[in-house]
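Everything in the sequence shown is counted per the numbering used here, starting at 9 for the first residue and increasing by one. Following: one structure in structure tokens, then a few remarks.
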Amino acid sequence: MESSLIVTVLKMVSVVGVVLGIVTYTVLAERRICAWMQDRLGPNRVGFGGLGQPIADMLKLLFKEDVVPHHVRRVYYILAPILVLIPSIVGLSVIPWGSTLGSMQCVIADVDAGILLAFAVGSLGVYGIVLGGWASNSKYPFLGGIRSSAQLISYEVTLAMSVVPVFMQAGGLRLGGIVEYQTLHGWLVWQQPLACFIFLVSAFAETNRLPFDLPEAEQELVSGYHTEYSGMKFALFFLAEYSNMVVASALLVTMFFGGWSLPFAPFNAPATSVAVGLLHIGVFLLKVFAVLFVYIWVRWTLPRFRYDQLMHLGWKAFFPLSLANIIVTAFIMAWRAQ
Numbered sequence: 009m010e011s012s013l014i015v016t017v018l019k020m021v022s023v024v025g026v027v028l029g030i031v032t033y034t035v036l037a038e039r040r041i042c043a044w045m046q047d048r049l050g051p052n053r054v055g056f057g058g059l060g061q062p063i064a065d066m067l068k069l070l071f072k073e074d075v076v077p078h079h080v081r082r083v084y085y086i087l088a089p090i091l092v093l094i095p096s097i098v099g100l101s102v103i104p105w106g107s108t109l110g111s112m113q114c115v116i117a118d119v120d121a122g123i124l125l126a127f128a129v130g131s132l133g134v135y136g137i138v139l140g141g142w143a144s145n146s147k148y149p150f151l152g153g154i155r156s157s158a159q160l161i162s163y164e165v166t167l168a169m170s171v172v173p174v175f176m177q178a179g180g181l182r183l184g185g186i187v188e189y190q191t192l193h194g195w196l197v198w199q200q201p202l203a204c205f206i207f208l209v210s211a212f213a214e215t216n217r218l219p220f221d222l223p224e225a226e227q228e229l230v231s232g233y234h235t236e237y238s239g240m241k242f243a244l245f246f247l248a249e250y251s252n253m254v255v256a257s258a259l260l261v262t263m264f265f266g267g268w269s270l271p272f273a274p275f276n277a278p279a280t281s282v283a284v285g286l287l288h289i290g291v292f293l294l295k296v297f298a299v300l301f302v303y304i305w306v307r308w309t310l311p312r313f314r315y316d317q318l319m320h321l322g323w324k325a326f327f328p329l330s331l332a333n334i335i336v337t338a339f340i341m342a343w344r345a346q
């Protein structure tokens, strides 16, 4: 009992540490990719090729003066960034980042309803955003919080409905089981391309990324729900956004791109050695990095949607499409079963 608890704690510490490292350097990657797309250099002075820039930014935020405006609702103002960050990290607990390392499974909590837990915990982050906008006691942050609540509720529906055909085909809600299904029957992105596309676009809205960053929208709301925040409190909001990107990318890879598997041995079966297990983890991380690149690429390519366009896309386009996809998948499965 004690040994299993120690292993679980070590998994949690390792996963959180790796994810925070990915988040930190995703910020640097975004700045460098943005600079490349705009024909400039980007941060390249601190450390070799700019690799020390995230450390410099972290130290700056740690030692920056923590300004708390006098008009805010202080307790809730301080609590909001924490409530945003925690759900984004907890969602990682059910995602299998590899097959096995020796006798150890590469997942913190291999629960039967893993995807439901990930969606349920992830949806709690909106409370922190709304609380931050309300507690700031200022018009622009409050509008940003209200926008975020409407946006996340709307796209949470299409996000959940888009993956129903995946569960129908895989025969369960366990994320590890979905990866195992894909090792035998091929990646589900080829069988459910519409579901994959709806999930990806809905994930953009869930993480408040361009072209769906309406809760922040600098031209309209200055900086939205975190306008009144500075120092480490602002950094927690920033960290939560990129952590949510990593979780969404990991879920997309797990459900549509085969997770840790590749369509040839030894990557298409559970690891028979520690070396193969480490290769599986590497494959999974490379896929996650590829999806993160898509996040960055889209941000610096597409313009922001209007708010009515955003809601129209969610309710009048993606909702009926995802519902139709469920019905078509059910008919095809019933026909094949005859």
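C-beta atoms are modelled at their ideal positions from N, C-alpha and C, and glycine is treated no differently.
{"query": "Under a three-way DSSP split, which group does L222 fall into?", "result": "coil"}
{"query": "Give the secondary structure of Q113 by DSSP, where H, G and I count as helix, E and B as strand, and everything else as coil.", "result": "strand"}
{"query": "Mind checking whether G322 and Q159 have CB atoms under 9 Å apart?", "result": "yes"}
{"query": "Since D120 and R53 are thought to touch, with beta carbons under 8 Å apart, how far apart are those beta carbons, to the nearest angstrom?", "result": "Not quite, the Cβ-Cβ distance comes to about 50 Å (not below 8 Å), so this is no contact."}
{"query": "Nearest to A126 by CA position, among L259, F245 and N145, is which residue?", "result": "L259"}
{"query": "Rounded to whole angstroms, what is the Cα-Cα separation between G136 and A325?", "result": "28 Å"}
{"query": "Can the beta-carbon of S257 be found closer than 9 Å to that of A213?", "result": "no"}
{"query": "Could you give the DSSP three-state label for T16: helix, strand or coil?", "result": "helix"}
{"query": "From I313 to L218, what distance separates their C-alpha atoms?", "result": "Inspection of the sequence shows that residue 313 is occupied by Phe rather than by Ile. Roughly 8 Å separates the two Cα atoms."}
{"query": "Is T108 helix, strand or coil when you go by DSSP?", "result": "strand"}
{"query": "Terminal residues of the continuous alpha helix (DSSP H) containing L310?", "result": "No alpha helix (DSSP H) holds L310; DSSP gives it neither H nor E."}
{"query": "Suppose the cutoff is 8 Å on Cβ atoms and the five residues either side in sequence are ignored; what does the same chain contact list for P173 look like?", "result": "Q200, A203, N333, I334 and T337"}
{"query": "Check whether the stretch 279 to 286 touches the stretch 85 to 98, taking contact to mean three or more Cβ pairs, one atom from each stretch, closer than 8 Å.", "result": "no"}
{"query": "Does the beta carbon of S157 sit closer than 9 Å to a beta carbon anywhere in chain C?", "result": "Absent here is chain C; the protein component of the structure consists of one chain."}
{"query": "Within its chain, find whatever has a CB closer than 8 Å to the CB of S238; leave out the 5 residues flanking it on each side and keep chain order.", "result": "K72, E73, D74 and V75"}
{"query": "Assuming P62 contacts T32 (C-beta within less than 8 Å), just tell me the rounded distance between them.", "result": "4 Å"}
{"query": "Need the endpoints of the alpha helix (DSSP H) that D65 sits in, please.", "result": "Q61 to F71"}
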